[in-house]
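There are 2 protein chains.
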Amino acid sequence: MEDVAKAAAVSTATVSRVLNSPELVAPETAARVQRAIQDLGYRPNVFAQGLMTRKSRLLGIALPDIHGEFYSELLRGADAEARRQGYHLLISSEARDDESGLIGSAAGFVAGVAVMLTEPNEALWKQIREASEPFVVIDSDIGAAGVDRVLVDNAIGTRDAVDHLLGSVKPERCYFVGGPRENFDTEQRARVFADTLSERGHRPDERHVRFGDYSVDWGHRCGGEILAAANGEPIGVLAGNDEIAFGVMLAAADRGLNVPGKVRIIGFDDTRLATLLRPGLTTVRVPMAQVGAAAIAALIARIDEPGRPASCTRLPTELVVRGTSAPAKP
Amino acid sequence: MEDVAKAAAVSTATVSRVLNSPELVAPETAARVQRAIQDLGYRPNVFAQGLMTRKSRLLGIALPDIHGEFYSELLRGADAEARRQGYHLLISSEARDDESGLIGSAAGFVAGVAVMLTEPNEALWKQIREASEPFVVIDSDIGAAGVDRVLVDNAIGTRDAVDHLLGSVKPERCYFVGGPRENFDTEQRARVFADTLSERGHRPDERHVRFGDYSVDWGHRCGGEILAAANGEPIGVLAGNDEIAFGVMLAAADRGLNVPGKVRIIGFDDTRLATLLRPGLTTVRVPMAQVGAAAIAALIARIDEPGRPASCTRLPTELVVRGTSAPAKP
DNA sequence: AGTGGCGATGTAAGCCTTTGCATACGTAGA
DNA sequence: TCTACGTATGCAAAGGCTTACATCGCCACT
Chain X
0 MEDVAKAAAV STATVSRVLN SPELVAPETA ARVQRAIQDL GYRPNVFAQG LMTRKSRLLG
60 IALPDIHGEF YSELLRGADA EARRQGYHLL ISSEARDDES GLIGSAAGFV AGVAVMLTEP
120 NEALWKQIRE ASEPFVVIDS DIGAAGVDRV LVDNAIGTRD AVDHLLGSVK PERCYFVGGP
180 RENFDTEQRA RVFADTLSER GHRPDERHVR FGDYSVDWGH RCGGEILAAA NGEPIGVLAG
240 NDEIAFGVML AAADRGLNVP GKVRIIGFDD TRLATLLRPG LTTVRVPMAQ VGAAAIAALI
300 ARIDEPGRPA SCTRLPTELV VRGTSAPAKP
Chain S
0 MEDVAKAAAV STATVSRVLN SPELVAPETA ARVQRAIQDL GYRPNVFAQG LMTRKSRLLG
60 IALPDIHGEF YSELLRGADA EARRQGYHLL ISSEARDDES GLIGSAAGFV AGVAVMLTEP
120 NEALWKQIRE ASEPFVVIDS DIGAAGVDRV LVDNAIGTRD AVDHLLGSVK PERCYFVGGP
180 RENFDTEQRA RVFADTLSER GHRPDERHVR FGDYSVDWGH RCGGEILAAA NGEPIGVLAG
240 NDEIAFGVML AAADRGLNVP GKVRIIGFDD TRLATLLRPG LTTVRVPMAQ VGAAAIAALI
300 ARIDEPGRPA SCTRLPTELV VRGTSAPAKP
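Chains as they are written, first to last, in numbering that gives the first Met the number 0: chain X, 0 to 329; chain S, 0 to 329.
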């Protein structure tokens with residue numbers, strides 16, 4: 000920096016000002032300094048900057064698990080947005096509640112953290128609240144007040160999915176095969192499923208709303224039980240994610256039941272799998288990349304303006320009709 | 000830090016030493032300082048540290064594209080290893096060759112960068128070489144000399160796959176349906192495919208070794224052409240990745256050809272898709288998580304010991320036999 | 001008893017920026 | 001012509017840490 004200052008015949012203070020508040024410096028001087036910067040290939044030292052300003056252009060993102068395309072899509076959107084705004088993204092594959100987690104160990108050198116919480120986690124939640132950095136929460140409804148959040152609006156897609164099912168299946172024949180009971184998304188989807196069905200005249204009981212995990216295996220197993228109980232009458236299944244839906248397809252195949260003829264299946268997430276299957280899986284699209292981008296955008300907004308009121312972004316879900324659901328009645 | 004020093008009745012220098020070179024400090028003093036650190040919840044300022052030591056505990060990882068589980072698996076392994084060694088991981092979804100890429104923009108505050116290069120990219124390569132940080136290259140054979148590299152040993156898996164195919168298909172009936180011609184992996188796999196077949200008595204021509212892209216669609220299309228030319232005789236296909244393999248399965252299904260009866264198919268990568276398909280896809284497993292971990296390990300080794308000779312880690316691939324290939328002859 | 005050396009600790013310089021305050025100059029208004 | 005103010009720039013402190021060098025006991029040796 001000193002070299003630049005010398006080359007441009009100014010003080011280091013002016014060089015700094017050219018970089019940080021150009022409006023304070025005379026245009027000709029600024030131009031001269033810029034040239035010197037170019038010529039010497041000067042790049043400010045990030046550490047010194049951080050030391051002075053106590054800010055960094057680093058954002059953390061903590062996911063329950065970077066696994067599968069679901070999260071990679073989220074990461075993709077988040078990274079794109081961060082980059083667009085001149086930030087870098089630090090990842091943590093485990094939203095751990097101990098020191099080894101991002102929150103604990105990155106404390107102090109990230110400007111903020113986006114945390115994805117898919118299940119209640121008191122310890123982690125406490126740790127986040129006590130951290131000094133700004134943060135936003137992804138996909139979690141807890142700790143609602145005064146916290147920036149980015150959510151998936153499961154209601155829209157779920158409602159549409161149920162109505163789509165009801166186009167060709169009786170309400171009593173509709174099932175929801177969810178993921179883990181504690182999972183926020185599954186929980187919401189289950190509730191909206193039940194509510195929508197109730198509005199349409201049939202309150203489903205616990206045999207119609209099932210919880211397990213997000214695996215093909217669970218879908219296969221649960222699908223088998225449901226089909227066994229259905230006695231061949233056409234049924235509709237809304238799954239908690241695409242893998243479960245695929246499991247249900249497998250269960251139907253086991254019994255030689257045609258999909259969508261005898262069993263209409265709708266997945267959730269619209270992962271790659273949904274497009275690959277034959278017949279193509281009707282599913283509810285969840286815009287993960289947008290969720291990631293929105294989270295980063297919200298985080299940066301908070302960093303730039305700490306006093307702003309807490310935001311809550313809801314990204315819409317959307318039913319994507321493919322081959323595993325009967326077409327709506329004409 | 001000053002507070003800690005005061006609380007432990009030592010100087011800040013001693014506090015620093017306790018943290019960085021405990022062997023220089025008397026055990027009792029160290030204990031006293033540690034207590035003070037605990038009590039006051041002191042955490043060293045990363046920026047100040049970086050300013051002094053010109054080092055950071057940040058590692059960059061640049062991928063061609065963080066997309067799909069292939070890369071997310073890599074990232075997972077890399078992050079785990081980085082965390083284990085007390086580093087943080089900065090991601091870049093695009094290994095761009097301009098300023099906006101990780102290499103350009105993170106220059107100066109990462110201790111090193113792992114770059115994944117799946118195709119030749121002169122500009123990026125040049126940029127990397129000129130960067131001041133240490134770096135390791137993933138999956139790329141270029142710029143061989145003096146550079147740390149982590150590679151996938153495609154040979155083992157490809158050879159095994161070909162031999163597996165030859166267990167029930169004539170050499171003239173074996174095909175390779177690859178991804179992009181320039182892609183390092185596809186290129187290697189194609190070569191080993193051809194070599195192995197040659198050793199077994201049949202040099203394949205360009206009709207038997209095809210290039211396209213890594214998509215289901217290409218597999219479908221190319222598989223269709225191959226099957227059309229095969230006149231119903233049993234054939235074997237080694238695909239450049241699992242998606243292509245799936246495309247070929249689709250092509251077989253179009254023609255009502257049984258898999259593995261009439262068409263034996265082997266994929267590459269062992270992605271989730273391979274386990275989900277029915278029949279299960281025989282495929283060559285590529286240990287992506289290990290690749291990521293090895294890359295980070297190599298990077299840290301280089302950082303710790305800049306003078307060490309360049310390393311080259313080769314992770315083995317392994318044939319995983321499932322349902323789409325005929326069982327080997329008894 | 002005197003000295004050399006070693007282990008433990010303190011002192012203070014320096015790492016590179018940012019920024020509050022001071023300075024210098026020029027201009028407009030009185 | 002003088003004052004007052006605004007604009008462009010410089011000066012220097014501060015930010016938290018590491019580390020070379022200095023210091024100080026203390027023990028072992030001559």
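Every residue, glycine too, gets a C-beta built ideally from N, C-alpha and C.
- Just measuring C-alpha positions, the residue of X:108, X:140, X:134 sitting nearest residue 117 (chain X) is X:140.
- Going by DSSP, residue 79 (chain S) is part of the alpha helix (DSSP H) stretching over 67-83.
- Taking the Cβ atoms as the reference, residue 78 (chain X) lies roughly 6 Å from residue 90 (chain S), within the contact range of under 8 Å.
- A residue is called buried once 16 or more other Cβ atoms fall within 10 Å of its Cβ, and residue 230 (chain X), having fewer, is exposed.
- At a cut-off of 9 Å between beta-carbon atoms, residue 252 (chain X) makes contact with chain S.
- For residue 78 (chain X), the nearest CB of chain S lies under 9 Å from its own CB, placing it at the interface with that chain.
- If you draw a straight line from the Cα of residue 240 (chain S) to the Cα of residue 213 (chain S), it comes to about 7 Å.
- If you look at residue 184 (chain S), you'll find it in the alpha helix (DSSP H) that goes 183-198.
- Going by C-alpha positions, residue 13 (chain S) is about 10 Å away from residue 25 (chain S).
- Comparing alpha carbon positions, the residue from X:281, X:275, X:271 closest to residue 262 (chain X) is X:281.
- The segment 54-63 of chain X makes contact with the segment 115-130 of chain X; the number of CB pairs closer than 8 Å reaches 3 or more.
- The Cβ atoms of residue 288 (chain S) and residue 312 (chain S) lie no closer than 9 Å to each other.
- For residue 281 (chain S), the enclosing beta strand (DSSP E) has its first and last residue at 281-284.
- For the segment 32-51 of chain S, the set of positions with a beta-carbon nearer than 7 Å to some beta-carbon of chain X reads 42, 44, 45, 46, 47, 49, 50 in chain order.
- Judged by beta-carbon spacing, residue 244 (chain X) lies within the 9 Å limit of residue 265 (chain X), meaning their Cβ atoms are closer than that value.
- Listed by position along chain X, the residues whose Cβ is nearer than 8 Å to that of residue 197 (chain S) form an empty set, because the closest Cβ is around 34 Å away.
- Contacts between residue 174 (chain S) and chain X, judged by CB atoms closer than 7 Å, are missing: the closest CB pair is about 21 Å apart.
- Separation of the CB atoms of residue 218 (chain S) and residue 176 (chain S) is rounded to 6 Å, and the pair is thereby assigned contact status at 8 Å.
- Of all residues in the segment 107-136 of chain X, only 107, 108 place a beta-carbon less than 7 Å from a beta-carbon of chain S.
- Assigned with DSSP and collapsed to three states, residue 235 (chain S) falls in strand.
- For the segment 192-217 of chain X, the set of positions with a beta-carbon nearer than 7 Å to some beta-carbon of chain S reads 215 in chain order.
- By the CB criterion at 9 Å, residue 75 (chain X) and residue 92 (chain S) fall inside the cutoff.
- Of all alpha-carbon atoms in X:215, X:184, X:173, the one lying nearest the alpha-carbon of residue 205 (chain X) is that of X:173.
- If you check the CB distance, residue 156 (chain S) and residue 285 (chain S) come in under 9 Å.
- Beyond the five residues adjoining it in sequence on each side, residue 191 (chain S) comes within less than 7 Å, by CB distance, of 153, 154, 157, 158 in the same chain, given in chain order.
- Excluding sequence positions up to five before and after residue 135 (chain S), its CB lies within less than 6 Å of the CB of 113, 147, 294, 297, 298, all in the same chain and listed in chain order.
- Between the alpha carbons of residue 38 (chain X) and residue 81 (chain S) lies a gap of roughly 36 Å.
- Counting other Cβ atoms within 10 Å of its Cβ, residue 171 (chain S) stays below 16 and is therefore classed as exposed.
- About 7 Å separates the beta carbon of residue 259 (chain X) from that of residue 322 (chain X), a gap short enough to meet the 8 Å contact definition.
- If you ignore the 5 residues before and after residue 23 (chain X), its C-beta comes within less than 8 Å of the C-beta of 16, all in its own chain and listed in chain order.
- Beta-bridge partners assigned by DSSP to residue 312 (chain X): X:149.
- DSSP places residue 0 (chain X) outside both helix and strand once states are collapsed to three, so it counts as coil.
- Annotated as distal: residue 267 (chain X) and residue 46 (chain S), with beta-carbon spacing of 9 Å or more.
- The Cβ atoms of residue 237 (chain S) and residue 188 (chain S) sit closer than 9 Å to each other.
- Put simply, the CB of residue 271 (chain S) is near chain X, with a gap under 9 Å to one of its CB atoms.
- The three-state reading of DSSP puts residue 15 (chain X) in helix, counting H, G and I together.
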